[in-house]
Amino acid sequence: MEHGQNRLGLRRLGQSELMLSPLGLGCWQFSRGSGLVGRYWSNLDEGAILDIVRASLAGGMNWVDTAEVYGGGKSEEAIAHALDKLRQEGSPHAEPAVATKWWPMMRTAKSIPATIDERLRCLGGRQIDLYQIHQPYSFSSVASEMKAMAGLVKAGKIRYIGVSNFSAKQMAEAHRQLAQYGLKLISNQVKYNLLNRRIEQNGLMETAKELDISIIAYSPLQQGVLTGRFHKDPAQIGKLSRIRRMQSGLDTAGLNQSRPLIEALGMLAERYRVTLGQVALNWLITYHGETVVAIPGASKLRHAEENVGAMSFKLTPDELALLNDTSWAAVKPRT
Ligand SMILES: NC(=O)c1ccc[n+]([C@@H]2O[C@H](COP(=O)([O-])OP(=O)(O)OC[C@H]3O[C@@H](n4cnc5c(N)ncnc54)[C@H](OP(=O)(O)O)[C@@H]3O)[C@@H](O)[C@H]2O)c1
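Going by my numbering, the letters in the sequence shown line up with residues 80 to 414, in that order.
Dropping the structure here:
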């Protein structure tokens with residue numbers, strides 16, 4: 080499976096030389112149940128993580144996305160460990176591009192150079208291809224943060240710079256600041272999926288296209304909702320945390336509102352002999368040409384095997400438009 084299931088080819092991230100598969104592996108799920116945000120997911124063991132990483136990379140993904148805050152380095156370490164194992168197995172997929180993030184809250188930009196060696200250590204000395212500012216909230220200005228990030232590029236500690244959860248204005252400011260160092264902002268990682276289209280309403284998508292900055296879509300499956308599994312079996316919802324239910328619109332009104340979209344996904348899934356989640360991911364990485372790449376997370380091997388299959392077919396313009404229309408009806412504010 081040299082090329083796995085990726086029939087969509089590689090795409091350039093922003094104005095960089097990074098050529099990425101349209102889907103990368105989201106690694107928040109590898110936080111080992113620890114740290115500030117790591118308890119959101121259950122604690123996956125090393126074997127489960129290795130299976131997920133192996134299947135994702137063999138299936139055609141060529142990059143992974145992690146963060147300092149995912150278990151305070153535990154997710155980065157888990158990836159490094161899995162990739163070491165793949166190297167030992169002689170896998171041709173053991174060297175994916177690596178994206179990680181600096182956590183800015185309650186910190187100043189001084190911590191960017193102060194913590195980079197710890198990031199590199201957690202990643203087992205692997206190159207950081209994309210280093211992202213995780214949130215726009217810190218004690219420092221965007222200008223100071225970009226100065227510190229540019230310093231890391233000059234020092235050869237990271238290859239490219241991205242941001243996450245930045246508004247259109249904040250993103251354009253980061254881009255402008257980097258220009259004085261002869262660098263570009265190449266990506267903004269934000270929540271984006273068929274049930275959350277805020278970035279098309281607040282000017283972010285438009286600005287990203289204008290500036291040639293890629294959008295990295297997180298929660299691309301709306302944390303599982305777009306696979307249809309909660310519509311099919313609402314009893315599963317009761318097992319989720321309150322915060323996840325609220326974030327994903329998992330109540331009776333939310334399920335009713337998204338049902339027509341789930342039905343449209345089901346109709347297309349049948350046509351292509353794929354799953355609903357694969358259709359939802361395929362829409363996300365094709366509707367805006369090459370502007371959007373996405374990073375589905377997986378907590379089970381079968382999720383990983385299924386998610387890579389979203390790169391194995393191409394919806395037609397009519398099908399993309401149908402999902403677009405049905406999606407807008409599903410994201411309308413509830414009355
Ligand atoms: N920059 C940021 O602020 C930010 C924020 C959030 C996420 N992220 C990144 O984006 C990645 C993905 O986002 P996310 O994890 O929030 O949402 P997601 O990718 O939409 O959902 C992942 C969850 O959906 C379920 N799932 C995945 N594939 C499935 C399949 N094929 N069939 C059935 N269920 C499936 C699993 O839930 P169960 O585990 O419950 O089975 C999985 O843990 C994260 O790993 C992280 O790297 C970044």
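C-beta atoms are modelled at their ideal positions from N, C-alpha and C, and glycine is treated no differently. Given the structure is predicted, the values throughout are model-derived calculations rather than measurements.
Residues bridged to residue i [DSSP beta-bridge criterion]
| i | result |
| --- | --- |
| residue 239 | 209 |
| residue 362 | None; residue 362 has no bridge partner. |
| residue 264 | 240 |
| residue 144 | 105, 178 |
| residue 98 | 91 |
| residue 296 | 269, 373 |
| residue 275 | 272 |
Residue i versus residue j: straight-line alpha-carbon distance, rounded
| i | j | result |
| --- | --- | --- |
| residue 392 | residue 170 | 25 Å |
| residue 223 | residue 133 | 38 Å |
| residue 150 | residue 122 | 10 Å |
| residue 143 | residue 386 | 14 Å |
| residue 88 | residue 364 | 11 Å |
| residue 156 | residue 117 | 14 Å |
| residue 336 | residue 356 | 18 Å |
| residue 228 | residue 313 | 45 Å |
| residue 409 | residue 261 | 42 Å |
| residue 277 | residue 168 | 43 Å |
| residue 271 | residue 405 | 16 Å |
| residue 103 | residue 180 | 15 Å |
| residue 178 | residue 147 | 11 Å |
| residue 398 | residue 198 | 42 Å |
| residue 240 | residue 305 | 30 Å |
| residue 101 | residue 125 | 26 Å |
| residue 221 | residue 202 | 26 Å |
Close beta carbons around residue i, own chain, < 7 Å, minus the five adjacent residues each side
| i | result |
| --- | --- |
| residue 166 | 173 |
| residue 292 | 93, 250, 254, 264, 265, 266, 267 |
| residue 282 | 247 |
| residue 81 | Any reading at residue 81 must be qualified, since the residue scores a pLDDT of 43, below 50, and its modelled position is unreliable; the value itself is stated next. These residues qualify, in order along the chain: 171. |
| residue 310 | 334, 338, 341 |
| residue 99 | 89, 90, 92, 141, 142, 176, 372 |
| residue 362 | 273, 394, 399, 402 |
Same chain only: Cβ atoms within 8 Å of residue i, ignoring 5 sequence neighbours per side
| i | result |
| --- | --- |
| residue 380 | 127, 130, 131, 134 |
| residue 308 | 315 |
| residue 111 | 117, 122, 123, 150, 153, 154, 157 |
Own chain, CB closer than 6 Å to residue i, minus 5 neighbours either side, in chain order
| i | result |
| --- | --- |
| residue 236 | 195 |
| residue 191 | 181, 227 |
| residue 358 | 344, 347, 348 |
| residue 205 | 177 |
Closer than 8 Å: residue i CB and nearest ligand 3 heavy atom
| i | result |
| --- | --- |
| residue 201 | Ligand 3 is absent from the structure shown, which contains only ligand 1. |
Cβ-Cβ distance between residue i and residue j below 9 Å
| i | j | result |
| --- | --- | --- |
| residue 327 | residue 301 | yes |
| residue 390 | residue 85 | yes |
| residue 295 | residue 374 | yes |
Beta carbon proximity, residue i to chain C, threshold 9 Å
| i | result |
| --- | --- |
| residue 90 | Going by chain labels, chain C is absent from the structure shown, which holds only one protein chain. |
At least three beta-carbon pairs within less than 8 Å, the segment 346–365 to the segment 387–407: Yes: the two stretches touch, three or more of their Cβ pairs being nearer than 8 Å.
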